[in-house]
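S.K.:
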Amino acid sequence: MRQDFTYTGNANPHAIRGREIIKKYPQVRALMKPYPLSALYISLIVILQFGLGIWFSQSEMSWLTITLAAFFIGAFANHALFVMIHEACHDVIVKSRWANKVWGIICNVPQGFPSAISFRTYHLLHHAHLNEYDFDADLAFHKEAKWVGNSRIKKALWFVVFMFIEAVRPARLKKGKVFDSWMVANIIIVIGIDYATYHFFGMKALGYLLISSFFSVGLHPVGARWIQEHYTFKAGQETYSYYGPCNLVAFNIGYHNEHHDLFRIPWVHLPTLKKMAPEFYEPLYSHKSWTKLLIAFIWRKDMDLYARIVRNRHDDDSRDVQEIKEMPVKTELIEGRA
């Protein structure tokens, strides 16, 4: 069983590869623009989730039936909304940063747990400080990793409560601990609509939404996405893509190497990027099934929370703390303007 992460002194590979792609294929810049149709998809999914919740509240359906509906329908829907929150973080839904924050909060409403604005902060830190323990909330606490170990039961339990683990990991970070008016608005709006849903439609309606969110980042095929993205399956490779069928209902979130390389490209154009520059992506290890990945991670004794490559931080990597809140990534490197 591992006792620590695997450490590297290498630079972030995505900034390098992104720059190389733009140099070889300058036409890729045409893909770097907002995709406003995402707002329509967000609206439809929000309507779907509240519509199903209200329907369940007015029916005689048992909690078991509602839970199954949350697993087979709601988890995919709320996971798709997580992906759209991710798009809003990178300001690729619409041009205005303010409007992208609004759309992020709208995505957050059917999920029941206020997180869109805080996720924006910590996700941008993830890009700016990929796999740096003190700055990347995507990495497990040392105590978390050691407690889970390679126990199959503990790994399954870890998936069950992963939503709550994600909520506390930012407490470890040395940057990004901000609490502003946007976060306050996010909390008031989501909790307020939670209360209104319960008050007007009852616990079944609210319960369906919350259970859907619980599955969408937990012990569910879409939950394997959190393993797919950065857990080591090939020595030396930090980031992994998924090219399976669930991309159809997850807005291509599986194209993770492509996203990290050129994060200004919205979800709809990521497959185009892969086709445009196949020599950069086809040699990389990738996944084809989230379900198989979920089972493999839990079952395999050689997989644990320490199966990550962590970057040693150097003094010349320092960045302005205040800039993290809005745009922490060195876009001149990512977008090839160096």
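Per the numbering used here, the very first residue in the sequence shown carries number 0; after that it's consecutive.
From the three backbone atoms N, C-alpha and C, an ideal C-beta is built for every residue, glycine too.
The structure displayed is predicted, hence computed values, not measured ones.
Could you check whether the stretch 294–310 touches the stretch 132–139, counting it as contact only if at least three pairs of C-beta atoms, one from each stretch, sit closer than 8 Å?
M.R.: Contact between the stretch 294–310 and the stretch 132–139 is present, because at least three Cβ pairs lie under 8 Å.
S.K.: I'd like to confirm the pairing. Which residues does DSSP put opposite residue 286 in its beta bridges?
M.R.: DSSP, once it has assigned bridges, lists 241 as partnering residue 286.
S.K.: What residue range does the beta strand (DSSP E) around residue 310 cover?
M.R.: First-last of the beta strand (DSSP E) with residue 310: 308–310.
S.K.: According to DSSP, is residue 6 helix, strand or coil?
M.R.: Three-state result, residue 6: strand.
S.K.: Which of the three DSSP states, helix, strand or coil, is assigned to residue 231?
M.R.: Note: residue 231 maps to coil in three-state DSSP.
S.K.: Output the residue ranges of the alpha helix (DSSP H) runs that lie fully inside the stretch 149–217 and measure 4 residues or longer, sorted by chain position.
M.R.: You should have 151–159, 161–167, 180–200, 202–215.
S.K.: Secondary structure at residue 56, three-state DSSP: helix, strand or coil?
M.R.: Looking at residue 56 - three-state DSSP - the assignment turns out to be helix.
S.K.: Is there at least one non-hydrogen atom of the ligand HEM closer than 7 Å to the beta-carbon of residue 281?
M.R.: For the structure depicted, the ligand HEM is absent and the ligand set is empty, with no information on it obtainable.
S.K.: Note down the Cα distance separating residue 98 from residue 152, rounded to an integer number of angstroms.
M.R.: Whole-angstrom Cα-Cα distance: 43 Å.
S.K.: If residue 286 and residue 241 are in contact, beta carbons under 8 Å, what's the gap, nearest whole angstrom?
M.R.: Going by Cβ atoms, the distance from residue 286 to residue 241 rounds to 4 Å, so yes, they are a contact pair.
S.K.: Ignore the nearest five residues each way along the sequence and tell me which others in residue 0's own chain have a CB closer than 6 Å to its CB.
M.R.: Same-chain partners within the cutoff: 148, 149.
S.K.: Would you mind reading off the limits of the alpha helix (DSSP H) that contains residue 103?
M.R.: First-last of the alpha helix (DSSP H) with residue 103: 96–107.
S.K.: Contact defined as beta carbons within less than 8 Å: I believe residue 11 pairs with residue 124. What is the distance between those atoms, to the nearest angstrom?
M.R.: That belief does not hold up - the Cβ atoms of residue 11 and residue 124 are roughly 13 Å apart, past 8 Å.
S.K.: Taking C-alpha atoms, which residue in 268, 247, 255 lies nearest to residue 280?
M.R.: When only C-alpha atoms are compared, the closest one is 255.
S.K.: Could you spell out the range, first to last residue, of the alpha helix (DSSP H) harbouring residue 279?
M.R.: Its alpha helix (DSSP H) spans residues 277–280.
S.K.: Taking just the CA atoms, how far does residue 211 sit from residue 43?
M.R.: Distance between the alpha carbons of residue 43 and residue 211: 16 Å.
S.K.: Can you tell me which of 284, 266, 134, 59 puts its alpha carbon nearest to the alpha carbon of residue 252?
M.R.: Of the candidates 284, 266, 134, 59, the one whose C-alpha sits nearest the C-alpha of residue 252 is 266.
S.K.: If I'm right that residue 7 touches residue 311 with Cβ under 8 Å, what's the distance once you round it to whole angstroms?
M.R.: Yes, they are in contact, since the Cβ atoms of residue 7 and residue 311 sit about 7 Å apart, within 8 Å.
S.K.: At a cut of 8 Å, does the stretch 73–82 reach the stretch 17–27 through at least three beta carbon pairs?
M.R.: The stretch 73–82 vs the stretch 17–27: no contact.
S.K.: Please list, in chain order, all residues of the same chain as residue 16 whose beta carbon is under 7 Å from its beta carbon, the five residues on each side excluded.
M.R.: Counting only Cβ-Cβ distances below 7 Å, and skipping sequence neighbours, we find 260, 279.
S.K.: What number of angstroms, rounded off, separates the C-alpha of residue 76 from the C-alpha of residue 217?
M.R.: Whole-angstrom Cα-Cα distance: 14 Å.
S.K.: Is it buried or exposed, residue 56, if we count other Cβ atoms within 10 angstroms and call 16 or more buried?
M.R.: Residue 56 is buried by the Cβ-count criterion.
S.K.: Closer than 6 Å by C-beta to residue 116: which residues in its own chain qualify, once you throw out the five before and the five after it? Chain order, please.
M.R.: Within the same chain, residue 116 has close Cβ partners 181, 182, 185.
S.K.: For residue 219 and residue 154, I'd like the C-alpha separation in whole angstroms.
M.R.: Going from the Cα of residue 219 to the Cα of residue 154 covers about 13 Å.
S.K.: Decide if residue 227 is buried, meaning its Cβ has at least 16 other Cβ atoms within 10 Å, or exposed.
M.R.: Label assigned to residue 227: buried.
S.K.: By alpha-carbon positions, which one of 223, 108, 100, 145 ends up nearest to residue 288?
M.R.: The shortest Cα separation from residue 288 among 223, 108, 100, 145 belongs to 223.
S.K.: Who are the Cβ neighbours of residue 270 in its own chain at under 7 Å, not counting the five residues just before and after it?
M.R.: Cβ neighbours of residue 270 beyond the five flanking positions: 251, 254.
S.K.: How about residue 37 and residue 92: do their beta carbons lie closer than 8 Å?
M.R.: Taking 8 Å as the Cβ cut-off, residue 37 and residue 92 qualify as a contacting pair.
S.K.: Assuming residue 284 and residue 232 are in contact, meaning their beta carbons sit under 8 Å apart, how far apart are those beta carbons, in whole angstroms?
M.R.: About 6 Å; that satisfies the 8 Å criterion.
S.K.: By alpha-carbon positions, which one of 100, 95, 96, 174 ends up nearest to residue 132?
M.R.: It is 174 whose Cα lies nearest to the Cα of residue 132.
S.K.: Give me the Cα-Cα distance between residue 34 and residue 87, rounded to the nearest whole angstrom.
M.R.: About 10 Å.
S.K.: Closer than 7 Å by C-beta to residue 30: which residues in its own chain qualify, once you throw out the five before and the five after it? Chain order, please.
M.R.: 264, 268, 271, 272.
S.K.: Measuring straight from C-alpha to C-alpha, what distance separates residue 314 and residue 245?
M.R.: Low per-residue confidence applies at residue 314: pLDDT is 40, beneath 50, and the placement is therefore not dependable, though the value from the model is reported in the following sentence. When rounded, the distance between both Cα atoms is 41 Å.
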